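Protein chains in written order, with our numbering: chain A, 5 to 137; chain B, 4 to 436.
Cβ atoms here follow ideal geometry from the backbone N, Cα and C, with glycine treated the same way.
Predicted model only: the values in this text are computed from it and were never measured.
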C-alpha cells in the first residue's frame with residue numbers, strides 16, 4: 005500500500021534531531037519507522053507515523069521545513085531471503101529504488117520503499133506479491 | 004517631480020561657477036577656523052586665494068575617518084559652540100565615535116536636500132510616510148523625518164524595533180511611504196506574510212531605502228513583496244546624513260545635490276582622481292556646511308559617477324549603486340570579493356530566502372569561504388540528490404561571479420538571523436586568529 009512519509013530537513017547541529025523527537029513526544033506521536041540520510045552539512049529525516057498530516061503540522065509549527073512524500077509500505081516476512089525475492093521481482097520489471105529502510109518486528113518487517121515509479125512498482129507488487137501489501 | 008528646479012536642473016557652466024565660488028568661501032572658512040586644515044594648507048604652502056575654481060579642488064588635502072577620530076570630539080568644527088544646534092554621532096565600534104555638529108543652517112540644507120529626494124520619489128503633501136530608520140545619534144531617522152516634513156507630507160516616526168506595531172500602523176493609517184534600510188523592508192515583508200497579510204492589505208506605494216548597499220535584485224524583491232516603487236537614498240553623517248544623493252523615477256543612478264556636496268571618484272591607492280564612469284572611492288566636499296565642513300572626505304564607499312542630463316530633466320551628476328566599501332572588501336585567496344556580489348546571486352534564485360551569511364576562515368594557511376543560505380520551504384525536496392544539485396547550482400553561480408569557489412551550506416528556513424538595522428552578513432574568522 006502507499007503511505008505518506010514525512011521528510012524533515014535538518015541542519016547538522018547538535019540537538020536538532022532531539023528537537024524533532026521532543027515535538028513528537030509533546031504531541032503524543034509515535035514513530036513506526038524512520039531513517040536519516042546525511043550529507044556533510046545537512047540531513048533528511050524520513051519518518052512514518054500514524055497520522056502524517058497532523059504530524060507535519062506539528063513539526064511545521066515547531067519551525068521545521070517538512071515535506072510529505074508518497075512511498076510504498078510493505079510487510080515483509082521476517083525470514084532469510086524474503087526481501088531478496090521481492091527486490092528480484094522489482095528488478096525484473098526495471099524498477100529502480102531511490103531509497104528504502106525497514107523496521108523489523110517479530111513476525112514481519114515494515115519496509116518503506118521509494119521507487120522511481122510508484123504506480124508501476126505498486127502494480128508489480130500487487131501482481132507478484134499480493135500478500136505483503 | 005522636482006523640488007528645486009533652479010539647483011537640480013542648472014546648466015553645467017552655472018553649476019561649476021557656483022561650486023567654484025562656494026569652494027573658495029569654504030576654504031576661507033576652514034583656513035581661519037579649523038587649525039587642522041590651516042596647518043595642512045600651510046604645509047602645502049597654500050592660502051585660500053589659491054582656490055578660485057572648482058578644478059582647484061585637486062590641490063586640497065583629503066580628510067579621512069581617522070582624522071575625525073584624531074580630532075575627537077569637536078576638533079574639526081568650524082562654528083563656535085553657541086552656533087551648533089545639534090550633534091549626531093556614529094557608533095564608533097572600531098575606535099572613537101565620529102561626532103558631527105550641525106548649525107541651524109546645516110539642518111536647513113539637510114532638510115532641503117532630503118526634500119529634493121522625497122520629491123523625486125513622487126512624495127507630496129498628501130502622503131503619509133513611515134520612517135523606520137533608527138531615531139537617535141544615527142542620522143537616518145531624523146534625516147528622513149525632516150525631509151518628509153519639509154515636503155509637507157505626514158511623518159509617522161515608527162523607528163526600528165516594533166515590527167508588530169509597524170505593520171498595524173501601515174494598515175490602519177493607510178501609510179503610503181516607507182523609509183528604512185532595505186534589509187528591514189524585507190524583514191517587514193516577511194513579518195507581514197507571517198501575519199497572513201499581503202501587499203493588498205496595505206497602501207504602500209513609495210519606498211526610500213538606504214544606509215546599506217543593496218542590489219537591483221533586492222529592489223525587485225522588495226517592490227514585488229511590498230507592492231511599492233523602491234528608490235535609493237544615500238548619505239553619510241560625516242557629510243550630512245540621508246539626502247546627499249537620491250534616485251529619480253528613472254532609477255538609473257542617484258542624483259547628487261552637488262551644489263552642496265561636491266563629488267569626486269579617486270583611486271583609493273594612488274589618490275588620483277578618476278574620470279566619469281570609472282569605479283573608485285567616492286569623495287565629498289561639503290560646499291555649504293558651516294558646523295563641521297569637510298574637504299575631500301574619503302567615504303570608503305565604492306561607486307562611479309555618471310555625467311549628462313537625466314531623462315527626468317535633472318542635470319546633477321549621478322552616482323551608481325555603492326558596490327561595496329573599501330573596508331568591506333574581502334580579499335579571499337588574493338581575489339577581491341564583495342558581499343554585494345554574493346547577495347546579487349542569491350536574490351536572483353527563487354529557491355533561496357533573501358538572507359545569507361558569509362563565513363571566511365583560514366584552514367591550513369588556505370582561505371575558505373562558506374556561504375550559508377536558507378532554502379525556501381517550497382523548494383525543499385525529499386531527494387538528497389535534488390538538494391545537492393541545488394547546492395551545486397548556487398556554488399557554480401557563485402564561482403562564476405566571484406572567481407573563487409565557495410562552500411555552500413544549506414540551512415533551515417529562519418535560521419539565519421534577520422536584523423532590524425544594518426545586518427551582519429560577513430564573519431571573518433581570520434581576524435580573530
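Close beta carbons around residue i, own chain, < 7 angstroms, minus the five adjacent residues each side
i, result
"residue 185/B", "212, 215, 217, 221 and 225"
"residue 27/A", "62, 63 and 66"
Short Cβ contact (9 angstroms threshold) for residue i with residue j
i, j, result
"residue 37/A", "residue 86/A", "no"
"residue 68/A", "residue 128/A", "no"
"residue 93/A", "residue 132/A", "yes"
"residue 395/B", "residue 411/B", "yes"
"residue 105/B", "residue 332/B", "no"
"residue 303/B", "residue 330/B", "yes"
"residue 322/B", "residue 338/B", "no"
"residue 265/B", "residue 307/B", "no"
"residue 43/B", "residue 301/B", "no"
"residue 151/B", "residue 123/B", "no"
"residue 258/B", "residue 292/B", "no"
"residue 178/B", "residue 159/B", "yes"
"residue 176/B", "residue 210/B", "no"
"residue 84/B", "residue 37/B", "no"
Given residue i as reference, the closest of the options once Cα atoms are compared
i, options, result
"residue 76/A", "17/A, 32/A and 136/A", "136/A"
"residue 187/B", "404/B, 345/B, 354/B and 233/B", "233/B"
"residue 58/B", "20/B, 33/B and 92/B", "20/B"
"residue 43/A", "321/B, 392/B, 402/B and 357/B", "392/B"
"residue 110/B", "300/B, 167/B and 148/B", "148/B"
"residue 382/B", "337/B, 274/B, 38/B and 355/B", "355/B"
"residue 130/B", "208/B, 401/B, 112/B and 249/B", "208/B"
"residue 73/A", "108/A, 65/A and 49/A", "49/A"
"residue 324/B", "108/B, 318/B and 281/B", "281/B"
"residue 276/B", "299/B, 76/B and 154/B", "299/B"
"residue 357/B", "414/B, 406/B, 78/B and 405/B", "414/B"
"residue 201/B", "223/B, 227/B and 210/B", "227/B"
"residue 78/B", "119/B, 288/B, 15/B and 297/B", "297/B"
"residue 250/B", "195/B, 319/B and 199/B", "319/B"
"residue 45/A", "33/A, 18/A, 114/A and 109/A", "18/A"
Chain-order list of residues whose beta-carbon lies under 6 angstroms from that of residue i (same chain, five-residue window excluded)
i, result
"residue 431/B", "363"
"residue 142/B", "91, 240 and 244"
"residue 205/B", "173 and 174"
"residue 82/B", "106, 293 and 294"
"residue 41/A", "48"
"residue 429/B", "342 and 361"
"residue 347/B", "218 and 220"
Nearest-angstrom Cα separation, counted from residue j out to residue i
i, j, result
"residue 112/A", "residue 55/A", "22 angstroms"
"residue 156/B", "residue 164/B", "23 angstroms"
"residue 86/B", "residue 33/B", "15 angstroms"
"residue 28/B", "residue 53/B", "12 angstroms"
"residue 384/B", "residue 71/A", "7 angstroms"
"residue 427/B", "residue 256/B", "26 angstroms"
"residue 418/B", "residue 270/B", "39 angstroms"
"residue 231/B", "residue 170/B", "15 angstroms"
"residue 367/B", "residue 47/A", "27 angstroms"
"residue 248/B", "residue 30/A", "55 angstroms"
"residue 272/B", "residue 71/B", "20 angstroms"
"residue 344/B", "residue 21/A", "34 angstroms"
"residue 274/B", "residue 65/B", "9 angstroms"
"residue 121/A", "residue 397/B", "29 angstroms"
"residue 246/B", "residue 146/B", "8 angstroms"
"residue 327/B", "residue 35/A", "50 angstroms"
"residue 114/B", "residue 351/B", "36 angstroms"
"residue 139/B", "residue 166/B", "18 angstroms"
"residue 144/B", "residue 13/A", "40 angstroms"
"residue 5/A", "residue 183/B", "54 angstroms"
"residue 126/B", "residue 349/B", "31 angstroms"
"residue 235/B", "residue 120/B", "9 angstroms"
"residue 10/B", "residue 168/B", "39 angstroms"
"residue 289/B", "residue 404/B", "36 angstroms"
"residue 1/A", "residue 203/B", "Nothing about residue 1/A can be read from this structure; chain A reaches only from 5 to 137."
"residue 31/B", "residue 409/B", "52 angstroms"
"residue 60/A", "residue 97/A", "33 angstroms"
"residue 372/B", "residue 378/B", "19 angstroms"
Residues near residue i by beta carbon distance below 8 angstroms, same chain, minus five either side
i, result
"residue 253/B", "313, 314 and 315"
"residue 62/B", "47, 49, 53 and 54"
"residue 119/A", "76, 94, 99, 100, 101, 102 and 125"
"residue 433/B", "363, 364, 365 and 370"
Contact set between residue i and chain D, taken where Cβ atoms lie within less than 9 angstroms
i, result
"residue 355/B", "Going by chain labels, chain D is absent from the structure shown, which instead holds the protein chains A and B."
Next on the checklist: Under 8 angstroms: do the segment 131-139 of chain B and the segment 182-196 of chain B share three or more Cβ pairs, one atom per stretch?
Outcome noted: yes
Next on the checklist: Under 8 angstroms: do the segment 9-24 of chain B and the segment 48-66 of chain B share three or more Cβ pairs, one atom per stretch?
Outcome noted: yes
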